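Colleague: Numbering (mature numbering (1 follows the signal peptide of the UniProt record, and there is no 0)), first residue to last: -23 to -1, 1 to 144.
Mind having a look at this structure? Questions to follow.
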């Protein structure tokens, strides 16, 4: 094996391992959400994170934000979405069908959607969080992720697959 190939192989291995350490299973949905968001590439230096129809959850997101918080976390009502400039939408009260309708009719993309109550994740949000044992895991809706137009490091998909296989 040539020296260059050895270096590339080593760097590939390190790159594959790094996000797994960063996004270890989290014991609360806020840490899980911020771990997912760490894999996104944002156009704005401070993306606007909007929690839809849940002021108290927005406050919890502010409380649990990482110390290096780079998010503008705001509560928002669903009827205000079309007038907002949210790059991240957190849904917790809408059904999957309502999430999908909102995404199709009110959202200006790029915008990433995350659901806290969409267990199937077949329609609606791009990422769907759920409680598994004592931790939170997530599923990915690839169609919604593509629609979001937000670049997500593909390694986060491996984390979703790993969390699903450990069920």
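Note that beta-carbon positions come from the ideal geometry of N, C-alpha and C, so glycine has one too.
Here the structure is a predicted model, which means the values were calculated and not measured.
(1) By Cβ distance below 8 Å, which residues in the same chain neighbour residue -18 in space, the five residues on each side in sequence not counted?
(2) State whether the segment 24 to 35 contacts the segment 51 to 63, with contact taken as three or more CB pairs (one from each stretch) at a distance under 8 Å.
(3) Does the Cβ-Cβ distance between residue 58 and residue 75 come in under 8 Å?
(4) Helix, strand or coil, according to DSSP, for residue 80 in the structure here?
(5) With DSSP collapsed to three states, give me the class of residue 128.
(6) Considering only the beta carbon of each residue, do residue 106 and residue 122 sit closer than 8 Å?
(7) Measure the Cβ-Cβ separation of residue 90 and residue 55 and say whether it is below 8 Å.
(8) CB residue 117 to CB residue 88, shorter than 8 Å?
(9) Quick one: residues in its chain with C-beta nearer than 7 Å to the C-beta of residue 7, no 5 flanking neighbours on either side, listed in chain order?
(10) How close, in whole Å, do the beta carbons of residue 47 and residue 23 come, if the pair is a contact with beta carbons under 8 Å?
Modeller: Let me spell this out:
(1) Here residue -18 corresponds to residue number 6 of the chain shown, with the count starting at 1. In this prediction, residue -18 scores a pLDDT of 37, lower than 50, which makes its location untrustworthy; the coordinate-derived value is nonetheless stated afterwards. Apart from sequence neighbours up to five positions away, no residue of its chain approaches residue -18 with a beta-carbon distance below 8 Å.
(2) yes
(3) One-based indexing of the chain shown puts residue 58 at position 81. One-based indexing of the chain shown puts residue 75 at position 98. Cβ atoms of residue 58 and residue 75: not closer than 8 Å.
(4) Numbered from 1 along the chain shown, position 103 holds the residue referred to as residue 80. Helix at residue 80.
(5) Residue numbering aside, residue 128 sits at position 151 when the chain shown is read from its first letter. DSSP places residue 128 in strand when its eight states are reduced to three.
(6) Counting from one through the chain shown, the residue named residue 106 turns up at place 129. Counting from one through the chain shown, the residue named residue 122 turns up at place 145. Result no, Cβ atoms of residue 106 and residue 122 do not sit closer than 8 Å.
(7) Here the question's residue 90 lines up with position 113 in the chain shown. Here the question's residue 55 lines up with position 78 in the chain shown. Cβ distance not < 8 Å, so residue 90 and residue 55 don't count as in contact.
(8) As a working note, residue 117 is residue 140 in the chain shown. As a working note, residue 88 is residue 111 in the chain shown. The Cβ-Cβ distance between residue 117 and residue 88 does not fall below 8 Å.
(9) Against the chain shown, residue 7 aligns to sequence position 30. So the qualifying residues of the chain are 37, 38, 41.
(10) The residue you call residue 47 lines up with position 70 of the chain shown. The residue you call residue 23 lines up with position 46 of the chain shown. The Cβ separation is near 6 Å, so the contact holds.
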